[in-house]
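Undergrad: Encoded as structure tokens, here's the structure I'll be asking about.
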Amino acid sequence: PPGRKVLIVYAHQEPKSLNGSLKRVAVEELSKQGCSVMVSDLYEMQFEPRARRNDIVGCLHNSEEFNYGLETWKAYQRGGLSSDLIEEQKKVQEADLLIFQFPLYWFSMPAIMKGWMDRVLVQGFAYEFPNCYDSGLLKNKLALFSFTTGGSKEAYAKGSISGDIRYLLWPMQHGIMHFCGVRVLAPHICFAPEHVSEEKRKEMLIAWAQRLKTLWKEEPINCSPEWYFK
Ligand code: FAD
Ligand code: ZN
410 PPGRKVLIVY AHQEPKSLNG SLKRVAVEEL SKQGCSVMVS DLYEMQFEPR
460 ARRNDIVGCL HNSEEFNYGL ETWKAYQRGG LSSDLIEEQK KVQEADLLIF
510 QFPLYWFSMP AIMKGWMDRV LVQGFAYEFP NCYDSGLLKN KLALFSFTTG
560 GSKEAYAKGS ISGDIRYLLW PMQHGIMHFC GVRVLAPHIC FAPEHVSEEK
610 RKEMLIAWAQ RLKTLWKEEP INCSPEWYFK
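Per the numbering used here, the sequence shown starts with residue 410, numbered consecutively.
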């Protein structure tokens, strides 16, 4: 709906990839709905994935012994995080919905996207103690993990060789997003795009556009251990 803000965090090197097409479809469809869409194209931005000392500008809280979590927490409070982080945090703050678009790498997200999580979701900004999980600081936002796989849908069934696809959503959806208070919409998974016909891939893109049309009516999943492991 008009006025809603969406941040797409996108991790693929090749615009012509299926991930590139999925991202484009989302930008088009959501813009058509009147949403304002921001995109963080991580490879294009050459986003730094490493959690490093120079994420903190100026004096360290404890220069004797470096503690990344502690230092970024303190730096956030005094506005002393590096500008690339401040910029991403601003986008997250504005967004009603975060869409993560990526190819599955080793049962997880690509390192560059994991680095985005590591560096952007700083204590004090995304969570605090005891403000985590349902009372996380990013409550009232939604997240959606949209990704592609190499393995087939059958391989990612419960009892199959790769196990239920939901097992690998636990760290991303629950351990990161829910921890920060974000409510999670059902994931959108395109299985094995490299191993299906052109026709099937076209259908995948249509299905994504179709889902986005009614996305704002969706209820978040019940993000508890049962959803993942029952
Ligand atoms: P692409 O190869 O870009 O897409 C397939 C085809 O779609 C291409 O030919 C492209 O031209 C075409 N296409 C693009 N746009 C359109 C369009 N509009 N219409 C029709 N066709 C289009 N997989 C797993 O399952 N589990 C893992 O743990 C895993 N780990 C990995 C680790 C690494 C380091 C790597 C590199 C890969 C891993 N994979 C794994 C495989 C990976 O997930 C898949 O290769 C990836 O998801 C495929 O998506 P893509 O966008 O890169 O596909
Ligand atoms: Zn959860």
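Yeah, the Cβ is synthetic: ideal placement off N, Cα and C, and Gly gets one too.
(1) Assuming L506 and L553 form a contact by the criterion Cβ under 8 angstroms, report the distance between their Cβ atoms to the nearest whole angstrom.
(2) Based on the DSSP output, what are the partners of T557 in its beta bridges?
(3) Are at least three pairs of beta-carbons, each pair with one atom in the region 491-499 and one in the region 567-578, less than 8 angstroms apart?
(4) Any heavy atom of ligand 1 within a distance shorter than 6 angstroms of the CB on R528?
(5) Measure the Cβ-Cβ separation of Y419 and V448 and say whether it is below 7 angstroms.
(6) Between the Cα of N631 and the Cα atoms of E608, L551, Q455 and S492, which residue gives the shortest distance?
(7) Once you ignore the five residues that flank R610 on each side, which residues in its own chain have a CB closer than 7 angstroms to its CB?
(8) Please classify I646 as buried or exposed, where buried requires at least 16 other C-beta atoms within 10 Å of its C-beta.
(9) For L578, which residues in the same chain have their Cβ closer than 8 angstroms to its Cβ, ignoring the five residues on either side in sequence?
(10) Report, in whole angstroms, the separation of the C-beta atoms of L431 and W617, which I expect to be a contact under 8 angstroms.
(11) Does ligand 1 have a heavy atom nearer than 6 angstroms to the CB of W579?
(12) Measuring alpha carbon to alpha carbon, tell me which residue in Y485, P634 and G412 is nearest S440.
(13) So which residues touch the region around ligand 2, with touch meaning a C-beta under 6 angstroms from any heavy atom?
(14) Does A504 pass the burial test, meaning 16 or more other C-beta atoms within 10 Å, or should it be called exposed?
(15) Whose C-alpha, out of S517, K626, D464 and C589, is nearest the C-alpha of L494?
(16) Please find out if some non-hydrogen atom of ligand 1 comes closer than 6 angstroms to the beta-carbon of F516.
(17) Roughly how many whole angstroms lie between the Cα atoms of R433 and G560?
(18) Can the beta-carbon of P629 be found closer than 7 angstroms to that of V593?
(19) Three or more beta-carbon pairs under 8 angstroms between the region 508-522 and the region 466-485, yes or no?
(20) Assuming P458 and K523 form a contact by the criterion Cβ under 8 angstroms, report the distance between their Cβ atoms to the nearest whole angstrom.
(21) Run through DSSP, which three-state label would I465 get?
(22) Should K622 be counted as a contact of ligand 1 given a C-beta to heavy atom distance under 6 angstroms?
(23) Measuring only from the beta carbon, is G559 closer than 6 angstroms to any heavy atom that is part of ligand 1?
(24) Could you spell out the range, first to last residue, of the alpha helix (DSSP H) harbouring S426?
TA: Reading from the atomic positions:
(1) Right, the Cβ-Cβ distance comes to about 7 angstroms (below 8 angstroms), so this counts as a contact.
(2) P512 and C599.
(3) They do not touch, by the three-pair rule.
(4) No, Cβ of R528 sits at least 6 angstroms from all heavy atoms of ligand 1.
(5) By the CB criterion at 7 angstroms, Y419 and V448 fall inside the cutoff.
(6) When only C-alpha atoms are compared, the closest one is L551.
(7) Apart from the 5 residues on each side of it in sequence, R610 sits with its Cβ closer than 7 angstroms to the Cβ of L427 and P602 in its chain, given in chain order.
(8) Nothing can be reported for residue 646, as the shown portion of the chain is limited to 410 through 639.
(9) Cβ neighbours of L578 beyond the five flanking positions: F554, P596 and Y637.
(10) About 6 angstroms; that satisfies the 8 angstroms criterion.
(11) No, the Cβ of W579 stays beyond 6 angstroms of every heavy atom of ligand 1.
(12) Comparing Cα positions, the closest option is G412.
(13) My final list is H583, H587, C632 and S633.
(14) Buried: at least 16 other Cβ atoms inside 10 Å.
(15) Minimum Cα distance to L494 is reached at D464.
(16) Yes - ligand 1 has a heavy atom lying nearer than 6 angstroms to the Cβ of F516.
(17) Approximately 23 angstroms, taken between the alpha carbons.
(18) Going by beta carbons, P629 and V593 fall inside the 7 angstroms limit.
(19) No, the region 508-522 does not touch the region 466-485.
(20) Between K523 and P458 the Cβ distance is about 7 angstroms, and since that is below 8 angstroms, they are a contact.
(21) Correct three-state label for I465: strand.
(22) No, since every heavy atom of ligand 1 falls outside the 6 angstroms radius drawn around the Cβ of K622.
(23) With a threshold of 6 angstroms, the Cβ atom of G559 counts as near ligand 1, since some heavy atom of the ligand is closer than that.
(24) Here S426 belongs to no alpha helix (DSSP H), and DSSP marks it neither H nor E.
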